[in-house]
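Participant: Numbering (the working numbering), first residue to last: 1 to 477. First, the structure itself, so that you have it in front of you.
Okay, here's the thing in structure tokens:
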């Protein structure tokens, strides 16, 4: 039987406010356990929450950027459930009147374009974190994360493959980073995704029984989890002739498998009711107009501008604008006077390769636009050839060292003495007489060998273009 996979996503995004959603505790990542919390975010009796206005601003901006209908009159609800990392035994969230609804996110997978529908976007507070210590066989609660502001973005079940899910998440991450509402660091839990997945016979219009997968902390893990769970459900139905159970499952990346955690709750299980301690919020047209006017240039518009103003190929412009940190780096380097196409070439070749090798995000690197601009200038002035400049790039990348200081310290400045190049080429030709005869006999491949010998003798510090010209002149002379 041919099966179709049906997927919906629930994405939790930590907002980049300095303080929590209902109190003044810091939202900084890390810190000793239970040092970033107070009676309000730990739910002590007699405390009252106060809404952080910045959270409302960020949530509204995200709703606008994701093409949602912004709810002018919205409020919070109380979601009742008990977990050890939620000390007050309920979560302040939004069910009945979320801040955003009916959004649309266009994605491209290969040559196919598709629109993913957003069911809703709502604000809520985060819970704490359970820390498991296998050595002493204990689980401890860290409440630092309690009250950190979240937006939860819930899609319709519009995905049909892992590739579509990753394309959507990359688009979502890019949008939120451009807005400045979140740093979206999955390794720190700033972007977390739960996958609701079911399978059905190809052509069927009825949904199958879905499972929800949690503990997905990377795009690779999400893709692997989707493929595993789709295969597990298909085999359960086809080979074991059993029904899929609606449940929440935990993904174990080390074991490349998911495991049952608990039966899946429905909305009625949480006994939602209006949050009595926080008044409703009414957004004016003037407020929304101000936020719309403050939205930055987004990736699609920036990409078109790079192609038009800087003459970049579509592929290059797409990669450079896909991540806000890369786009900022490109623009700052160009502002320093480096030619846009040259900056793009260096970033596409050297920078992206280095980031991939080091498994590093662009926003986490120390390497600065000023350093790349200096390297490009050294090449343009003839002080470095391209190959040596590439080595200098690699050498100064980690600690953002001064390129010129490194060049002088290691004696890498390009040889500008034409006489030295000419005498070196002459000695190489004299030492390789048989190869010279082969070249003059029509064997053109020998030329590359002779160039290599000349560059080696000059310790790689000569301009390859000059070496080529001198070598051809002496060979043909």
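All C-beta atoms, glycine included, are put in the ideal place defined by N, C-alpha and C. Since this is a predicted model, take the numbers as computed values, not measurements.
Going by C-alpha to C-alpha distance, which of 196, 178, 15 and 403 sits closest to residue 554?
Facilitator: Residue numbering for the chain in the displayed model covers 1 to 477; residue 554 lies beyond these limits and cannot be assessed.
Participant: Closer than 8 Å by C-beta to residue 70: which residues in its own chain qualify, once you throw out the five before and the five after it? Chain order, please.
Facilitator: Excluding sequence neighbours, residue 70 sits near 60, 63, 64, 99, 100, 283 and 288.
Participant: Which stretch, first to last residue, makes up the beta strand (DSSP E) that contains residue 368?
Facilitator: First-last for residue 368: undefined, no H or E at that position.
Participant: So residue 333 and residue 373 are supposed to be a Cβ contact under 8 Å. How far apart are they, rounded?
Facilitator: 5 Å
Participant: So, at 6 Å on beta carbons, what are the nonlocal neighbours of residue 325 in its own chain, with the 5 sequence-adjacent residues on each side left out?
Facilitator: 362 and 363, listed in sequence order.
Participant: Within this structure, are the beta carbons of residue 144 and residue 34 separated by less than 8 Å?
Facilitator: yes
Participant: I'd like the span of the alpha helix (DSSP H) that includes residue 91, first residue to last.
Facilitator: That residue, residue 91, is in no alpha helix (DSSP H); its beta strand (DSSP E) goes 90–93.
Participant: Is the beta carbon of residue 5 less than 8 Å from the beta carbon of residue 169?
Facilitator: no
Participant: Just the Cα atoms here: how many angstroms apart are residue 174 and residue 466?
Facilitator: 44 Å
Participant: Just checking my contact of residue 237 with residue 15 at CB under 8 Å: how many whole Å lie between their CB atoms?
Facilitator: Wrong, their Cβ atoms sit about 40 Å apart, outside the cutoff.
Participant: With residue 26 as the anchor, note down where its alpha helix (DSSP H) starts and where it stops.
Facilitator: No alpha helix (DSSP H) contains residue 26, which DSSP labels as neither H nor E.
Participant: Just to confirm, is the Cβ distance from residue 390 to residue 354 under 8 Å?
Facilitator: No, they are not a contact pair.
Participant: Determine the contact status of residue 303 and residue 317, defining contact as a CB-CB distance below 8 Å.
Facilitator: yes
Participant: Using only alpha-carbon positions, find the residue among 148, 178, 142 and 249 that is nearest to residue 195.
Facilitator: Taking only the C-alpha atoms, the option nearest residue 195 is 249.
Participant: Excluding five sequence neighbours on each side, which residues of the same chain lie with their C-beta closer than 7 Å to the C-beta of residue 503?
Facilitator: This structure leaves residue 503 out entirely; the chain is present only between 1 and 477.
Participant: Who are residue 248's beta bridge partners in DSSP?
Facilitator: BP columns for residue 248 point to 212 and 262.
Participant: Considering only the beta carbon of each residue, do residue 425 and residue 471 sit closer than 8 Å?
Facilitator: yes
Participant: Whose C-beta lies closer than 6 Å to the C-beta of residue 115 among residues of the same chain, with five residues either side of it excluded?
Facilitator: Excluding residues within five positions, the ones whose Cβ falls inside 6 Å are 104 and 106.
Participant: Name the one or two DSSP bridge partners that residue 100 has.
Facilitator: 70 and 121
Participant: Where does the unbroken alpha helix (DSSP H) through residue 345 begin, and where does it stop?
Facilitator: 340–346
Participant: With residue 195 as the anchor, note down where its alpha helix (DSSP H) starts and where it stops.
Facilitator: Unbroken run through residue 195 is the beta strand (DSSP E), 191–201; no alpha helix (DSSP H).
Participant: Can you find the residues in the same chain that come closer than 8 Å, C-beta to C-beta, to residue 256, ignoring five residues on each side of it along the sequence?
Facilitator: 224 and 228
Participant: Here's the rule: buried if 16 or more other CB atoms are within 10 angstroms of the residue's CB, otherwise exposed. What is residue 136?
Facilitator: exposed
Participant: Quickly, what does DSSP pair residue 106 with across the bridge? List them, please.
Facilitator: Note: residue 106 sits in a beta bridge opposite 115.
Participant: Thinking C-alpha only, which one of 462, 447, 222 and 113 is nearest residue 412?
Facilitator: Answer by Cα proximity: 462.
Participant: When the Cα of residue 410 is compared with those of 460, 427, 153 and 210, which residue comes out closest?
Facilitator: 460
Participant: Tell me residue 140's beta-bridge partners as DSSP assigns them.
Facilitator: 131
Participant: Is residue 22 closer than 8 Å to residue 37 when the C-beta atoms are compared?
Facilitator: no
Participant: From the DSSP output, which residues share a beta bridge with residue 476?
Facilitator: Beta-bridge pairing links residue 476 to no other residue.
Participant: Can you tell me whether DSSP reads residue 80 as helix, strand or coil?
Facilitator: strand
Participant: Are the CB atoms of residue 90 and residue 79 within a distance shorter than 8 Å?
Facilitator: yes
Participant: So what's residue 452 in DSSP terms, helix, strand or just coil?
Facilitator: helix
Participant: Leaving out five residues on either side along the sequence, give the residues of the same chain with a beta carbon under 7 Å from the beta carbon of residue 43.
Facilitator: Shown here for residue 43: same chain residues with a beta carbon closer than 7 Å to its own, the five before and five after excluded, namely 87 and 88 in chain order.
Participant: Helix, strand or coil, according to DSSP, for residue 237 in the structure here?
Facilitator: helix
Participant: For the alpha helix (DSSP H) holding residue 335, just list the boundary residues, first then last.
Facilitator: 324–335
Participant: Candidates 380, 439, 97 and 247: which alpha carbon is nearest residue 274's?
Facilitator: 97
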